[in-house]
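Data first, discussion second: the structure below is written as structure tokens.
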Ligand code: IPM
Ligand code: MG
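Numbering (the numbering used here), first residue to last: 6 to 364.
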């Protein structure tokens with residue numbers, strides 16, 4: 006029997022609750038499809054600060070690098086807001102992305118037809134489906150550029166962050182976007198702010214050059230402000246959206262709300278071929294609802310599906326998870342975030358059990 010090792014980074018807030026539901030589903034699907042999963046928890050974020058003083062202990066990095074894949078819940082919360090910038094829970098997340106070399110973040114923004122009316126867009130715009138793949142650069146740009154504070158001679162304090170991209174960094178993420186598009190609708194929209202930013206002009210030049218290697222893929226460019234507007238004006242025009250780190254952060258939250266709920270969207274982060282990937286919901290730790298048992302575990306369950314598909318190659322099991330999630334939604338089972346006023350919502354655990362039953 007094939008055996009895989011999975012590191013669980015439960016993290017903070019609702020992180021532990023939703024990861025536990027995904028583990029339930031992974032256990033059930035592995036039994037059904039005849040492979041075995043070994044789960045090892047490790048600390049990240051605020052939980053790691055509380056236990057060790059730092060948001061990303063070295064043991065966590067070693068454990069993640071030694072496993073076949075990593076499943077992460079969420080990090081952060083008001084408890085750690087007073088931590089200095091370089092010791093915040095989020096620093097743990099950025100640190101593990103960098104340490105694992107996870108330069109490519111895939112965020113599918115999918116509307117499931119039973120939830121089409123959860124989208125804030127009018128039916129004539131959203132129809133009964135939407136399927137956009139955001140390919141976000143994850144280990145460069147302003148998230149990792151030089152930053153600091155300076156006090157001028159007259160005592161005025163200022164702060165700065167630097168957006169910087171090298172040609173190889175842009176090339177490798179562009180390849181991921183074009184290869185992803187080849188398996189989908191063969192269209193890439195590259196997002197930049199080339200009318201203002203030099204880093205965006207290099208981004209556009211480089212993406213345009215890489216596109217020559219993919220003659221079947223149609224490439225167009227949009228400024229980020231226009232892309233934000235087009236996403237709510239006509240999301241169906243998009244197949245693959247290629248973005249820098251910060252533009253992808255912003256547009257993926259917008260796309261998730263258009264898709265109905267941020268509680269539904271999964272993501273995968275990959276580095277070099279053959280290295281472990283990291284899978285996480287795109288939402289945060291939602292400290293306001295943590296511990297109440299009402300969080301939607303579906304984004305994490307769908308992330309576990311992506312883990313099976315992309316890191317373990319267990320495609321049938323991944324398909325089964327996606328089908329089970331669709332079935333549960335078809336059956337009208339809803340956590341509070343996706344329930345209509347007329348529907349009675351279920352708890353996090355009941356939703357997890359329902360997905361297991363639908364398998
Ligand atoms: C995300 C999150 C993170 C990011 C935060 C928590 C650092 O918003 O994964 O989108 O900005 O990348
Ligand atoms: Mg974000």
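Glycine included, C-beta positions come from ideal geometry on N, C-alpha and C.
Small disclaimer: the values here were computed from a predicted structure and weren't measured.
- Scanning its chain for C-beta atoms nearer than 7 angstroms, with the 5 sequence neighbours on each side dropped, one finds around residue 314 the residues 320 and 323, in chain order.
- The shortest C-alpha to C-alpha distance from residue 344 to any of 241, 120, 164 and 157 is the one to 120.
- Contact annotation: residue 325 and residue 271 have beta-carbon atoms that are not nearer than 7 angstroms.
- Excluding its 5 nearest sequence neighbours in each direction, residue 292 has C-beta neighbours in its own chain below 7 angstroms: 18, 82 and 83, listed in chain order.
- In this structure, the straight-line span from the alpha carbon of residue 352 to that of residue 30 is close to 16 angstroms.
- Within the segment 238-324, the complete alpha helix (DSSP H) runs of at least 4 residues fall at 250-263 and 303-311.
- The count of Cβ pairs closer than 8 angstroms, one atom from the segment 325-343 and one from the segment 45-62, stays below three, leaving the stretches out of contact.
- Using a 10 angstroms sphere on the CB of residue 236, the tally of other CB atoms reaches 16 or more, which defines it as buried.
- 138 is the residue among 72, 36 and 138 whose C-alpha sits nearest the C-alpha of residue 256.
- For a cut-off of 8 angstroms, the C-beta gap from residue 74 to residue 317 is around 7 angstroms, short enough to register as a contact.
- Per the CB criterion, closer than 7 angstroms to any heavy atom of the ligand MG, the qualifying residues run in chain order as 254, 257, 258 and 287.
- Linking residue 204 to residue 195 through their CA atoms gives a straight-line distance of about 14 angstroms.
- As the crow flies, the alpha-carbon of residue 191 is around 55 angstroms from that of residue 159.
- Exclusion of the five residues before and after residue 266 leaves 120, 123, 301, 342 and 343 as the residues of its chain whose Cβ lies within less than 8 angstroms of its Cβ.
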